[in-house]
Amino acid sequence: MDLIAQTIATEINARPEQVFAAVRLLDEGSTVPFVARYRKEITGGLNDTQLRILAERLVYLRELEARRDTILSAIKDQGKLTDSLARSIAQAETKAQLEDIYLPYKPKRRTKAMIARENGLEPLVNAILNNRELDPEIIAQNFLSDVVESTKDALNGARDIIAEQLTENADLLSELRSFMQHEAWLWAKVIEGKEQEGAKFSDYFDHSEMWSKVPSHRALAMLRASKEGIVSLDIAPDPETGTARAENIVAAHLDTRGTGPSDTWLRKVAGWTWRVKLSLSMMVELMAELRGRAQEEAIQVFSRNLKDLLLSPPAGAHTTLGLDPGIRTGVKAAVVDATGKLLATETIYPFQPKNDLRGAQAALLNLISSHEVELIAIGNGTASRETERLVSDTLAQLPKSMKSPTKVVVSEAGASVYSASELAAQEFPELDVSLRGAVSIARRLQDPLAELVKIEPKSIGVGQYQHDVDQNRLSRSLEAVIEDVVNAVGVDLNTASAPLLSHVSGLGPALAEAIVDHRDVNGAFRSRKELLQVARLGPHAFEQCAGFLRIRGGSEPLDASAVHPEAYEVASKIVAECGRDIRQIMGKEGSLRGLHAEQFVNESFGLPTIRDIFAELEKPGRDPRPDFVTASFTEGIEQISDLKPGMMLEGTVTNVAAFGAFVDIGVHQDGLVHVSQLADRFVKDPHEIVKTGQVVRVRVLEVDAPRKRIGLSMRKGSGPLTPQGQSRGSSGTSKDGGKNRGGKGGKPHENTRNNAIGDALTNALKGNQR
């Protein structure tokens, strides 16, 4: 464990004792959010990002240690373990290095080298290696027998023995691996006759680039093309110079610097071993490494996009009308109250073939007036712009004395998945599937996090080749993101759904359902302590979850904050020093002025926790999500054919990839802002500039309507829009539908890149085409 702690500490920039403490807490069943938030003194303040890396690396390094022990035991049982070998095994830092060392001792099927040894040819190998001035042909004549009939057979057997020794040489494998990682190229070639079938992969029909520099999206695209049988892939050094260099590396391990006949023969064996054995194994290994590297980056992209999406600002607790647009099947409408409870549904048919415009407007006006609708959420799928225009025309008919609701276009990615899910069927058993989608769209505007957690993350469409990556690894990563976001935001214990509660630290699906059942039977929770009355929710689960659950208007004011019940006593002492009632203090900025956190430190609670309590007393239950702001699509720009180069438009970032960002500008086809067009400076990582869900101003660069490709730019005056002058809890909207937007743009810098937007880039995320 000492070695593991030291390794992880170096990787996360921490001290070994911090790692020891965190590992102990995690092994005891604590969650990452709980440890990061409520055990800062114990871990020395490790944050959730460090803890996530720690937890992941801990699994790998423990598996490494287990494998190390297994290999040591296996070699010892063979009676071949030496002090030198034991040291090499102990010093191996990766699983690959361990397996390299173990290769000569690993049980294997009968090989050509084994047969050669059985035929008595190992002395021939020794003779050739020890007598470089003698001709191997002459030496081989001394080893002919009934089973070795010719010198050619003898030398082939010797070659097989030497080749096996080379392929099991850990030092050679390490050197070749390093050489290939720095010098290898990835080659893609279309398979004859597959040109038409694989047209979307045409960029890779004759493509090559250095292996070490292949970006994730291109690697995954080529791997998919290979899997579909469109292209063949190979990883090899530069054929003009690299092959000879690789053969020389192999030959060096046979010390063939001399000019004798045996040296010449051994160099040929080294070349043969590289071409027939080692080049293939290196190609397979580097292909796996490329796949792993690309998948890891794709998972990171998906995770970051999902986090940004889950942290999208909520419009707040307002009565909302959700509209799921459709043409032939009609527009589905659902009204939900401020808590998300379904009030009414309707299906209207304003478009072809019925064209019941008046009936549709009358139905909308009735829903708006009957339920005092404040927000209208319009799904961004088919007929979205037509529906938005219908809503605008309808709102113009409202009496001047009536406050007009604000209309907002909402991403409906994944809504259809939720509508057809078992969860939706349980929640709305009598409701048509399409109407459930309208409910989801309305709730998504009110609180994106609470609604999105009901949907399988992979169905939300913010990933990069998410179906091509390790699904278990992806699921673990996305679950960690959801857990971190849910606990960072906090959950209202009396209104949260079971799916949302299931992501709270220490709970899970079973306890979440138990909490909801208890709430349904006994009514709203009045205090966090009442959680202990929930079936199967014991002290440990309470410890893990209590601080992340909020009760507003309950018997204990601190239950509305992120202060953990275990710290209520010290919080009460802080309040007592103010000489006022806690309700007069909570939420009042500056109410603790004159007090110092240091004076409340004790054996149980250190300075970090006391400072957190101070912050929570002044701003209880702070929501880390930004203020609500939404894009305003330009009137008359509804189809890709309406776009012209030079147009300035607003849009919402739907996805961020390694090569740029996709933006919904209201034409049913996302445009691409290539990384070179994100800012007036060099941008290495698009996430430095934009996040999923962010509202941006873009300029149209190019439009390719037949191929449904839109090139956009955020340079020179166009860029992120940030809300200004908004207070927490407001919707951020005004009566006329305008949004509080600001221009916190960075100072322009000289651009250092101006790459063209290639076909491969706009092909990269097919999921963005609606």
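Using our numbering, the first residue of the sequence shown is number 11, and each one after it goes up by one.
In this text, a Cβ means the ideal position worked out from N, Cα and C, and glycines have one as well.
Bridge partners - residue 217, DSSP secondary structure assignment:
If you number the sequence shown from 1, residue 217 lands on position 207. For residue 217, the beta-bridge partners assigned by DSSP are 198.
Is residue 689 closer than 8 Å to residue 623 when the C-beta atoms are compared?
Residue 623 sits at position 613 when you count from the first residue of the sequence shown. Residue 689 sits at position 679 when you count from the first residue of the sequence shown. In this structure, residue 689 does not lie closer than 8 Å to residue 623 by Cβ.
Just confirm the distance between the C-beta atoms of residue 42 and residue 58, as a whole number of angstroms; I'd bet it's less than 8 Å.
Numbered from its first residue, the sequence shown carries residue 42 at position 32. Numbered from its first residue, the sequence shown carries residue 58 at position 48. Indeed they touch by this definition, with Cβ atoms about 6 Å apart.
Length of the line joining the Cα atoms of residue 10 and residue 45:
Within the shown structure, residues of the chain are numbered from 11 to 780, placing residue 10 beyond reach of any answer.
DSSP has residue 342 in a bridge; who is on the other side?
Within the sequence shown, numbered from 1, the residue matching residue 342 stands at position 332. Residue 342 pairs with 334, 357.
Over what stretch of residues does the beta strand (DSSP E) that includes residue 821 continue unbroken?
Past the edges of the chain, shown from 11 to 780, lies residue 821, and the structure says nothing about it.
Of the listed residues 241, 303, 455, 305, nearest to residue 326 (C-alpha basis)
Working through the sequence shown from its first residue, we reach residue 326 at position 316. Out of 241, 303, 455, 305, 455 has the C-alpha closest to the C-alpha of residue 326.
Three-state secondary structure (DSSP) at residue 586?
Taking the first residue of the sequence shown as position 1, residue 586 is located at position 576. Residue 586 falls in the helix class under three-state DSSP.
Environment of residue 757 [buried if 16+ CB atoms lie within 10 Å]
Along the sequence shown, read from residue 1 onward, the residue named residue 757 stands at position 747. Residue placement at residue 757 is poorly supported in this model, since its pLDDT is 31, which falls under 50; the coordinates still yield a value, given next. Burial call: exposed.
Which whole-angstrom value is the C-beta distance of residue 176 and residue 283, which I expect to be below 8 Å?
Along the sequence shown, one-based indexing puts residue 176 at 166. Along the sequence shown, one-based indexing puts residue 283 at 273. With a Cβ gap of about 5 Å, residue 176 and residue 283 count as contacting.
Note the first and the last residue of the continuous beta strand (DSSP E) segment covering residue 416.
The residue given as residue 416 occupies position 406 in the sequence shown. Judged by DSSP secondary structure, residue 416 falls within the beta strand (DSSP E) whose first and last residues are 416 to 420.
Should residue 172 be labelled buried (16 or more other beta-carbon atoms within 10 Å of its own) or exposed?
Looking up residue 172 in the sequence shown gives position 162. The residue is buried, with at least 16 neighbouring Cβ atoms inside 10 Å.
What does residue 387 pair with, by DSSP beta-bridge criteria?
On the sequence shown, position 377 is the one that residue 387 refers to. For residue 387, which the question treats as bridged, DSSP gives the partners 332, 418.
How about the region 429 to 442 and the region 400 to 418: do they share at least three Cβ pairs that are nearer than 8 Å?
With the cut-off at 8 Å, the region 429 to 442 and the region 400 to 418 do not touch.
Among residues of its own chain, excluding the 5 on either side of residue 122, which ones have a beta-carbon nearer than 6 Å to its beta-carbon?
Numbered from its first residue, the sequence shown carries residue 122 at position 112. Sequence-distant Cβ neighbours of residue 122 in its own chain, meaning closer than 6 Å and more than five residues away, are 170.
I want to know whether the region 310 to 325 touches the region 334 to 344 - three or more CB-CB distances under 8 Å.
They do not touch, by the three-pair rule.
Straight-line Cα distance separating residue 673 from residue 642
The residue you call residue 642 lines up with position 632 of the sequence shown. The residue you call residue 673 lines up with position 663 of the sequence shown. The straight-line gap from Cα to Cα measures roughly 13 Å.
Less than 8 Å between C-beta atoms, sequence neighbours within five positions excluded: which residues of the same chain meet that for residue 4?
One cannot answer for residue 4 here, as it falls past the ends of the chain, which runs 11 to 780.
Residue range of the beta strand (DSSP E) that includes residue 723:
Walking along the sequence shown from the start, residue 723 turns up at place 713. It spans 719 to 723 - the beta strand (DSSP E) in which residue 723 sits, taken as one unbroken run.
How far does the beta strand (DSSP E) with residue 245 in it extend, from its first residue to its last?
On the sequence shown, position 235 is the one that residue 245 refers to. Membership of residue 245 in the beta strand (DSSP E) is indicated by the continuous run 241 to 247.
Going by DSSP, what residues sit across from residue 672 in a beta bridge?
For the purposes of this step, residue 672 is identified with residue 662 of the sequence shown, where counting begins at 1. 665, 682.
Figure out for me which residue from 228, 532, 107, 136 has the closest Cα to the Cα of residue 185.
In the sequence shown, counting from the first residue as 1, residue 185 sits at position 175. Among 228, 532, 107, 136, the Cα nearest to that of residue 185 is on 107.
Here's the rule I'm using: 16 or more other beta-carbon atoms within 10 Å means buried, otherwise exposed. How should residue 506 be labelled?
Taking the sequence shown and counting its residues from 1, one reaches residue 506 at position 496. Residue 506 counts as buried, since no fewer than 16 other beta carbons sit within 10 angstroms of its beta carbon.
State the Cα-Cα distance for the pair residue 94 and residue 256, rounded to the nearest angstrom.
As a working note, residue 94 is residue 84 in the sequence shown. As a working note, residue 256 is residue 246 in the sequence shown. So the two alpha carbons sit approximately 28 Å from each other.
For residue 752, does the three-state DSSP call read helix, strand or coil?
Here residue 752 refers to the residue found at position 742 of the sequence shown. With a pLDDT of 33 at residue 752, under the threshold of 50, the modelled position of this residue cannot be trusted; read the value that follows with caution. In this structure, residue 752 counts as strand in the three-state DSSP scheme.
I'd like the list of long-range same chain contacts for residue 14, defined as Cβ closer than 6 Å, with 5 residues on each side in sequence excluded.
Translated into positions along the sequence shown, residue 14 becomes position 4. The beta carbon of residue 14 is closer than 6 Å to those of 71 in its chain, skipping five residues each way along the sequence.
Backbone CA spacing between residue 21 and residue 116 [nearest angstrom]
For the purposes of this step, residue 21 is taken as the residue at position 11 of the sequence shown. For the purposes of this step, residue 116 is taken as the residue at position 106 of the sequence shown. So the two alpha carbons sit approximately 32 Å from each other.
If I measure Cβ to Cβ from residue 708 and keep anything under 8 Å in the same chain, skipping five residues before and after, which residues do I get?
The residue labelled residue 708 in the question sits at position 698 within the sequence shown. Only 658, 659, 660, 661, 673, 675, 681, 683, 722, 723, 724, 728 meet the Cβ criterion.
Any beta-carbon of chain D closer than 8 Å to the one on residue 494?
Among the chains of the structure shown, chain D does not appear; only one protein chain is present.
Consult DSSP for residue 478 and reduce its assignment to one of helix, strand or coil.
By 1-based counting over the sequence shown, the position of residue 478 is 468. Annotated three-state conformation of residue 478 is helix, per DSSP.
If you measure between the beta carbons of residue 332 and residue 452, is that distance less than 8 Å?
Translated into positions along the sequence shown, residue 332 becomes position 322. Translated into positions along the sequence shown, residue 452 becomes position 442. Yes.
Proximal residues to residue 215 (C-beta, below 6 Å), its chain only, five neighbours per side dropped
Residue 215 sits at position 205 when you count from the first residue of the sequence shown. Excluding its 5 nearest sequence neighbours in each direction, residue 215 has C-beta neighbours in its own chain below 6 Å: 200, listed in chain order.
Applying the 10 Å Cβ sphere with the 16-neighbour rule, what's the burial state of residue 604?
Position 594 of the sequence shown holds residue 604. It is exposed - the Cβ of residue 604 has fewer than 16 other Cβ atoms within 10 Å.
Please report the straight-line C-alpha distance between residue 569 and residue 558, rounded to a whole angstrom.
Position 559 of the sequence shown holds residue 569. Position 548 of the sequence shown holds residue 558. Rounded to whole angstroms, residue 569 and residue 558 show a C-alpha spacing of 10 Å.
Once you ignore the five residues that flank residue 373 on each side, which residues in its own chain have a CB closer than 6 Å to its CB?
If you number the sequence shown from 1, residue 373 lands on position 363. For residue 373, where only same-chain residues beyond five positions count, the Cβ hits under 6 Å are 356, 358.
First through last residue of the alpha helix (DSSP H) which encompasses residue 193:
Here residue 193 corresponds to residue number 183 of the sequence shown, with the count starting at 1. Counted as a single uninterrupted DSSP element, the alpha helix (DSSP H) harbouring residue 193 occupies residues 180 to 193.
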